[in-house]
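The block underneath contains the structure these notes are about, expressed in structure tokens.
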Amino acid sequence: MNWEFIVKYLPLYQKAAVLTLKIGIAGIILSFLIGLFCVAVQNYRIPILRQIVVVYIEISRNTPLLIQLFFIYYGLPKIGIRTDPEACGIAGLAFLGGSYMAEAFRSGIEAIDLIQFESAYSLGLTRRQTLMYVVLPQAVSISMPALVANVIFLLKETSVFSAVSLMDLMFTAKDLIGLYYQTTECLFLLVVFYLLILLPVSLAGRLLERRLRYAGFGT
Amino acid sequence: MPDLGLEVLFKGKNFARLLEGLGVALRISLISVVISIVAGIGVGMLMTWKNPISRAITRCYLEIVRIMPQMVLLFIVFFGTTRVFGWNLSGEISAVIVFSFWGTAEMGDLVRGALISIPQHQYESAYALGLTGIQTYQYVVLPQTVRRLIPLSINLITRMIKTTSLILMIGVVEVLKVAQQIIEANRMSSPNAAFGLYLTVFLLYFLACWPFSLLARYLEKRWR
Numbered sequence: 001m002n003w004e005f006i007v008k009y010l011p012l013y014q015k016a017a018v019l020t021l022k023i024g025i026a027g028i029i030l031s032f033l034i035g036l037f038c039v040a041v042q043n044y045r046i047p048i049l050r051q052i053v054v055v056y057i058e059i060s061r062n063t064p065l066l067i068q069l070f071f072i073y074y075g076l077p078k079i080g081i082r083t084d085p086e087a088c089g090i091a092g093l094a095f096l097g098g099s100y101m102a103e104a105f106r107s108g109i110e111a112i113d114l115i116q117f118e119s120a121y122s123l124g125l126t127r128r129q130t131l132m133y134v135v136l137p138q139a140v141s142i143s144m145p146a147l148v149a150n151v152i153f154l155l156k157e158t159s160v161f162s163a164v165s166l167m168d169l170m171f172t173a174k175d176l177i178g179l180y181y182q183t184t185e186c187l188f189l190l191v192v193f194y195l196l197i198l199l200p201v202s203l204a205g206r207l208l209e210r211r212l213r214y215a216g217f218g219t
Numbered sequence: 220m221p222d223l224g225l226e227v228l229f230k231g232k233n234f235a236r237l238l239e240g241l242g243v244a245l246r247i248s249l250i251s252v253v254i255s256i257v258a259g260i261g262v263g264m265l266m267t268w269k270n271p272i273s274r275a276i277t278r279c280y281l282e283i284v285r286i287m288p289q290m291v292l293l294f295i296v297f298f299g300t301t302r303v304f305g306w307n308l309s310g311e312i313s314a315v316i317v318f319s320f321w322g323t324a325e326m327g328d329l330v331r332g333a334l335i336s337i338p339q340h341q342y343e344s345a346y347a348l349g350l351t352g353i354q355t356y357q358y359v360v361l362p363q364t365v366r367r368l369i370p371l372s373i374n375l376i377t378r379m380i381k382t383t384s385l386i387l388m389i390g391v392v393e394v395l396k397v398a399q400q401i402i403e404a405n406r407m408s409s410p411n412a413a414f415g416l417y418l419t420v421f422l423l424y425f426l427a428c429w430p431f432s433l434l435a436r437y438l439e440k441r442w443r
């Protein structure tokens, strides 16, 4: 192991990690919003939008992110839609993540029995109150494990961004291997940085899951 | 109507070549899935053991797979181990190694989940009826576990197929690489080929995964 090399190229990796995180977080937030939107559309049975959402979820769940990115980055410019790598990465991640988030939310809402609504109404709660105090707290609790898994999954998926020439961790590692042939050191740094990003997320997620495990448990 | 570059598809053997590329990806995922399912059942049973050592090892294994992107694992096997140990791995073999390593952990977790989801009273009732340990497994536990597992393992197949798109990065000629080659070859005659070809690849992947997703959902509903 050549430590001098590692120290020398550490800043490059740091920059790449920041970029990876930035795009990852932006993409995850967007996919949350898309997921919420899809669930709302499905729940309120808005006519045409509902069919669109169904098609979107099927397409997004059954194609790999790499292909989606290639299509957005290399295919779409041919019909006049041009994106820079960062926007493309965020768009791709949001496109992929939206459907996963939607499914997670849906499973949470579906898990709540009809009797919960009926009880809330018979207690005199309004629709909004029922949603705020009865349904949402339980839905969040039930879908939390799936949401945490999705966040980790999406952060992991950022590793394919190098394909659209985004200077992320993977790209940096590949570049340095090509330039200096210090394969072991480059891969070591790569693993360390991914651990630094994902291990805290994984641990925090597990903690969150444990704290929010109140819905339907102990019954 | 802008030129969408779809005519390149029907030039020469281009479409057949794309399908061949998809075949490579499907073959790799199929081999990996078979290995993962067989090994995953073993690992899943290990995970339910009370032994602290086996528990710690499987826990670590699962955590590594959960955290490391498959792409990083591919790079480690394809570039890292070949460099450190001095052997020679083809891209396809490394892909099978990585996907099996990843799939085994995923499958193991599914098997574990299915095994512990069988309530204790099922075992107790079986014993009370006078079934032996093997009979309990054969007639009571396994039929229920398999029912829960089959939809989940079909889902694993679709995820495996989707992940094989990454092998482009370690130089395996699969469907995306073939698409790139065709686009490069036709750069002059049809500059818009990128749109049509990447759209086709997109649809090909969708058509490869969608039936599996539908089947998994159908079985899940039916066997609930």
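Chain order of the listed sequences is A and B. Numbered according to the numbering used here, the first sequence spans residues 1 to 219. Numbered according to the numbering used here, the second sequence spans residues 220 to 443. Yeah, the Cβ is synthetic: ideal placement off N, Cα and C, and Gly gets one too. In this text, all values refer to a predicted model and were calculated from it rather than measured experimentally.
Where residue i meets chain B, residues with beta-carbon distance less than 7 angstroms
| i | result |
| --- | --- |
| K156/A | P288 |
| Y74/A | A413, Y417 |
| M170/A | M290 |
| F71/A | Y417, L418, F421 |
| K8/A | Those do not exist, as K8/A stays about 19 angstroms from chain B at its closest Cβ, beyond 7 angstroms. |
Closer than 9 angstroms at the beta carbon, the chain A residues around residue i
| i | result |
| --- | --- |
| C428/B | R61, N62, T63, P64 |
| R236/B | The premise fails here: R236/B is roughly 17 angstroms from chain A at the closest Cβ pair, so nothing lies under 9 angstroms. |
| V303/B | T183, T184 |
| R367/B | None at all; the shortest Cβ gap to chain A is about 16 angstroms. |
Outcome for residue i when other beta-carbon atoms lying within 10 angstroms are tallied against a minimum of 16
| i | result |
| --- | --- |
| A186/A | The sequence shown places Cys at residue 186/A, not Ala. Under this definition C186/A is a buried residue. |
| C279/B | exposed |
| K8/A | exposed |
| I142/A | buried |
| E403/B | exposed |
| D113/A | exposed |
| Y13/A | buried |
| Y424/B | buried |
| I46/A | exposed |
| R255/A | This structure does not reach residue 255/A, given that chain A is present from 1 up to 219, and the question cannot be answered. |
| Y358/B | exposed |
| W321/B | buried |
| T377/B | buried |
| I52/A | exposed |
| M144/A | buried |
| R331/B | buried |
| A235/B | exposed |
| Q341/B | exposed |
| A435/B | buried |
Residue i: contacting residues in chain B (beta-carbon distance under 8 angstroms)
| i | result |
| --- | --- |
| T83/A | Under the 8 angstroms cutoff, chain B gives no residues; its nearest Cβ is about 14 angstroms from T83/A. |
| I152/A | R285, I286 |
| A173/A | F294 |
CB contact below 8 angstroms: residue i versus chain B
| i | result |
| --- | --- |
| V53/A | no |
| V160/A | yes |
| A16/A | no |
| K22/A | no |
| V191/A | yes |
| Y133/A | no |
| L30/A | no |
| L166/A | no |
| Y194/A | yes |
| E58/A | yes |
| I112/A | no |
| S202/A | yes |
CB contact check: residue i to chain A, cutoff 8 angstroms
| i | result |
| --- | --- |
| V243/B | no |
| I376/B | no |
| T277/B | no |
| K381/B | yes |
| Y424/B | yes |
| S432/B | yes |
| I312/B | no |
| L450/B | The structure shown does not extend to residue 450/B, since chain B is modelled only from 220 to 443, so the question has no answer here. |
| L395/B | yes |
Interface residues of chain A facing residue i [CB-CB closer than 7 angstroms]
| i | result |
| --- | --- |
| F298/B | I177, T183, L187 |
| V420/B | I67 |
| S408/B | The contacting residues do not exist; S408/B stays about 14 angstroms from chain A at best. |
| S384/B | P64, L66, I67 |
Contacts of residue i in chain A (Cβ-Cβ under 8 angstroms)
| i | result |
| --- | --- |
| I389/B | Residues of chain A passing the Cβ test: none, with the nearest at roughly 10 angstroms. |
| I295/B | L187, V191 |
Per-residue contacts from residue i into chain B (C-beta, under 9 angstroms)
| i | result |
| --- | --- |
| L198/A | R285, I286, M287, P288 |
| S143/A | Result: empty, since nearest Cβ-Cβ is about 17 angstroms, beyond 9 angstroms. |
Review point. Are three or more beta carbon pairs between the region 100-113 of chain A and the region 32-48 of chain A nearer than 8 angstroms?
Key: Judged by Cβ distances under 8 angstroms, the region 100-113 of chain A makes contact with the region 32-48 of chain A, as three or more pairs qualify.
Point to revise | Cβ contact (3+ pairs, closer than 8 angstroms) linking the region 326-341 of chain B and the region 197-217 of chain A | key: With a cut-off of 8 angstroms, the region 197-217 of chain A and the region 326-341 of chain B do not count as touching, because too few Cβ pairs lie within range.
**Study point:** Contact list for the region 252-269 of chain B against chain A, Cβ threshold 7 angstroms
**Key:** Listed in sequence order: no entries.
Check your understanding: For the 8 angstroms Cβ check, are there 3 or more pairs between the region 65-83 of chain A and the region 402-418 of chain B?
Key -> yes
Point to revise | Segment contact, 8 angstroms Cβ cut-off, at least three pairs: the region 151-170 of chain A with the region 186-202 of chain A | key: Three or more Cβ pairs drawn from the region 151-170 of chain A and the region 186-202 of chain A lie within less than 8 angstroms of each other, which places the two stretches in contact.
Review point. For the 8 angstroms Cβ check, are there 3 or more pairs between the region 379-396 of chain B and the region 346-353 of chain B?
Key: no
Exercise for review: Indicate whether the contact test is met: 3 or more Cβ pairs, each with one atom in the region 371-386 of chain B and one in the region 13-29 of chain A, closer than 8 angstroms.
Suggested key: As far as the Cβ criterion goes, the region 371-386 of chain B does not touch the region 13-29 of chain A, which means the pair count is below three.
Point to revise | Stretch pair the region 311-319 of chain B + the region 288-299 of chain B: three plus CB contacts closer than 8 angstroms | key: yes
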